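Peer 1: First residue of the sequence shown? That's 127 in our numbering, and the numbers climb one at a time after it.
Even for Gly, the Cβ is constructed at its ideal location relative to N, Cα and C.
Remember, predicted model here, so these are calculated numbers, not experimental data.
Handing you this structure, nothing more for now.
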Amino acid sequence: MNRTTARIRSGMDALRGDGRGRVLVVVAAGWLLVLGTRIILPALLPQVKVALGIDNATAGLLVSVLWGAYAVTQFPAGMMIDRIGERTTLTASTVVTAAGAAALTVAPSFPVFVLGGVLFGLGSGLYAPPRVTVLSRIYPDRDGTALGATFAVGNLGAAGLPLVAGALALWFHWRAGFGFVVPPLVLVAFGLWVYVPTRADGKSRAAEQFTRRTAVRLLRDMTDGRVVLAWVAMTLILFTYQGITAFLPTYLIDAKGLTQGTASVLYGLFYTSGAVSQWFAGNAADRYGERTVLAALAGVGVVTVGLLPFVGGTAALAALLALLGTRLGIGPVGNGYVAALLPDEIQGAGYGLFRTFYLAVGATGSLFVGVLAERGWFDEAFLVLAGVTAMSSVLYLFLPTAPASVTVGSTEDAESGTDGGLSSAAEPGSNADGESDQTTD
127 MNRTTARIRS GMDALRGDGR GRVLVVVAAG WLLVLGTRII LPALLPQVKV
177 ALGIDNATAG LLVSVLWGAY AVTQFPAGMM IDRIGERTTL TASTVVTAAG
227 AAALTVAPSF PVFVLGGVLF GLGSGLYAPP RVTVLSRIYP DRDGTALGAT
277 FAVGNLGAAG LPLVAGALAL WFHWRAGFGF VVPPLVLVAF GLWVYVPTRA
327 DGKSRAAEQF TRRTAVRLLR DMTDGRVVLA WVAMTLILFT YQGITAFLPT
377 YLIDAKGLTQ GTASVLYGLF YTSGAVSQWF AGNAADRYGE RTVLAALAGV
427 GVVTVGLLPF VGGTAALAAL LALLGTRLGI GPVGNGYVAA LLPDEIQGAG
477 YGLFRTFYLA VGATGSLFVG VLAERGWFDE AFLVLAGVTA MSSVLYLFLP
527 TAPASVTVGS TEDAESGTDG GLSSAAEPGS NADGESDQTT D
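Below you can see the structure in the form of structure tokens.
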């Protein structure tokens, strides 16, 4: 216990040092709002379905469209990082996200509601790549821990904001569940502009002169075996995540007979567990390597998703969903692994392209579950998702360890000291304070 406490304290001190703490706080706060607002839609889906007159299949398509819009902005966001930097990209993302949330609040019909969802998806999609690259840049020695903390804060938002939205829907109107996030999003946009540093390395970014040579290099790096393997695994993980989260409250109400209030609390428990898992997953990856952590978390996900159709009762479901939430620890580790492999000059574009592919394909998970649910096959849908998770766990077992001092690309890239060294590449052997014995870029 004392060693664990010491490691946590040491990690917190490292995150606060050199004025980086303010950046971490404002970036994490933005992710809390962006992710939490995106999870409000599944939480309010029962009311939205009734108010707009749509069925489960259409509701699943709606969530897939939102995530599809989120996906298509990943590569443009990466290009924006390389051209105008993280500060401007993050600020613009938050402003557009606030506009989308406002549109969802006032949409008078289903087509307008869909357009609001698309706007929200586009805005929130711009946030994810710079959130990772800016923290990887300012925490070259602790990026696994910083990303784990940020992802964890985001999941606290995913746990808490739907509860607030549900209470507002009960006391006032379901539209208030979207509207209450607009003012804090605007406030965070201001904070991002003030505190996120601009890139001061003076390098010519690849996006500023996107030539044929740059495109060839991007294609070469993105088809590296490690990146491709991680992409397939992350796609399978997101497919199951989308299928689970889009319909979990609806499933608990329709198939398990819970009240909406109880279903919302258990939904929040899922994300609370995910927040804890992401914090510890980031620390564990910094010490033991990504492959071990990713395979283990995916393995737990196989068992928990597979058991969901066979478990009943509030207490048992609460325990199962708490375990199921641990799968969210895959996010910071898997994303950080890929971001660290890419050379600094194309890190934003490459990481954005990676996210566009796996998010676009994974977004179909909610449509898949929605179609089966409309046929009365809710349980069968979750069993299929367990099988998909098992495939990702096997793939993670074959994931090579990311070397601490080498990135995908030429030898010159590796030797030039380019940013992107993921501290989670450190092998076991760290000391009790969590400091790695190895050096990173």
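Among residues of its own chain, excluding the 5 on either side of residue 436, which ones have a beta-carbon nearer than 7 Å to its beta-carbon?
Peer 2: none
Peer 1: Quick check: the Cα distance between residue 255 and residue 380, rounded to an integer number of angstroms?
Peer 2: If you take the alpha carbons of residue 255 and residue 380, they lie about 36 Å apart.
Peer 1: Can you confirm whether the region 408-419 touches the region 286-304 when touching is taken to mean that 3 or more C-beta pairs between the two stretches lie within less than 8 Å?
Peer 2: no
Peer 1: Does the structure place the region 274-291 close enough to the region 150-167 that three or more beta carbon pairs sit under 8 Å?
Peer 2: Touching, per the Cβ criterion.
Peer 1: Got a sec: does the ligand MN put a non-hydrogen atom nearer than 7 Å to the Cβ of residue 433?
Peer 2: Looking for the ligand MN in the displayed structure turns up nothing, as the structure carries no ligands at all.
Peer 1: Once the 5 residues before and after residue 180 are set aside, which same chain residues still bring their CB inside 6 Å of it?
Peer 2: none
Peer 1: Distance, Cα to Cα, residue 425 vs residue 516?
Peer 2: 7 Å
Peer 1: Where in the region 498-529 do unbroken runs of the alpha helix (DSSP H), each at least 4 residues long, occur, reported from the N-terminal end onward?
Peer 2: Along the length of the region 498-529, whole alpha helix (DSSP H) runs at least 4 residues long occupy 504-523, reported in chain order.
Peer 1: Starting from the N-terminal side, write out each stretch of the alpha helix (DSSP H) that is 4 residues or longer and does not extend beyond the region 338-416.
Peer 2: Fully enclosed alpha helix (DSSP H) runs of 4 or longer: 338-348, 351-380 and 386-414.
Peer 1: Our contact map puts residue 359 next to residue 522 with C-beta atoms below 8 Å; I'd like the distance itself, whole angstroms only.
Peer 2: 5 Å
Peer 1: Would you be able to state if there are at least three C-beta pairs under 8 Å between the region 475-491 and the region 307-324?
Peer 2: Contact between the region 307-324 and the region 475-491 is absent, because fewer than three Cβ pairs lie under 8 Å.
Peer 1: Using 8 Å as the threshold, is the C-beta distance between residue 432 and residue 509 below it?
Peer 2: yes
Peer 1: In angstroms, rounded to a whole number, what distance separates the CA positions of residue 153 and residue 218?
Peer 2: Rounded to whole angstroms, residue 153 to residue 218 spans 13 Å at the Cα level.
Peer 1: Are at least three pairs of beta-carbons, each pair with one atom in the region 245-263 and one in the region 192-209, less than 8 Å apart?
Peer 2: Yes: at least three Cβ pairs fall under 8 Å.
Peer 1: At 4 residues or longer, what runs of the alpha helix (DSSP H) sit wholly inside the region 145-219?
Peer 2: Here the runs fully enclosed are 146-169, 171-178, 182-198 and 200-210.
Peer 1: Once DSSP output is grouped into helix, strand and coil, what is the label at residue 259?
Peer 2: helix
Peer 1: Going by C-alpha to C-alpha distance, which of 148, 423, 170 and 151 sits closest to residue 373?
Peer 2: Minimum Cα-Cα distance from residue 373 among the listed residues 148, 423, 170 and 151 corresponds to 170.
Peer 1: Leaving out five residues on either side along the sequence, give the residues of the same chain with a beta carbon under 6 Å from the beta carbon of residue 293.
Peer 2: none
Peer 1: CA-CA distance, residue 482 and residue 369?
Peer 2: Answer to the nearest angstrom: the Cα atoms are 18 Å apart.
Peer 1: Of all the options 203, 189 and 282, which has the alpha carbon lying nearest to the alpha carbon of residue 403?
Peer 2: Ranking 203, 189 and 282 by Cα distance to residue 403 puts 282 first.
Peer 1: Residues in the same chain with beta-carbon distance under 7 Å from residue 420, minus the five sequence neighbours each way, listed in chain order, please.
Peer 2: Answer for residue 420: 456, 459, 460, 522 and 525, listed in chain order.
Peer 1: Could you check whether the Cβ of residue 393 sits closer than 8 Å to any Cβ belonging to chain B?
Peer 2: As a matter of chain content, chain B is missing from the structure shown, which is built from one protein chain.
Peer 1: Going by beta-carbon coordinates alone, are residue 289 and residue 243 separated by less than 8 Å?
Peer 2: no
Peer 1: Mind listing, in chain order, the continuous alpha helix (DSSP H) runs of no fewer than 4 residues lying wholly within the region 250-318?
Peer 2: 254-264, 269-297 and 302-305
Peer 1: Determine, using beta carbons only, whether residue 428 and residue 519 come nearer to each other than 8 Å.
Peer 2: yes
Peer 1: Identify, in the order they occur along the chain, each residue of the same chain with its Cβ nearer than 7 Å to the Cβ of residue 506, setting aside the five sequence neighbours on each side.
Peer 2: Hits under 7 Å: 498.
Peer 1: Do you know offhand how far residue 391's Cα is from residue 476's?
Peer 2: 38 Å
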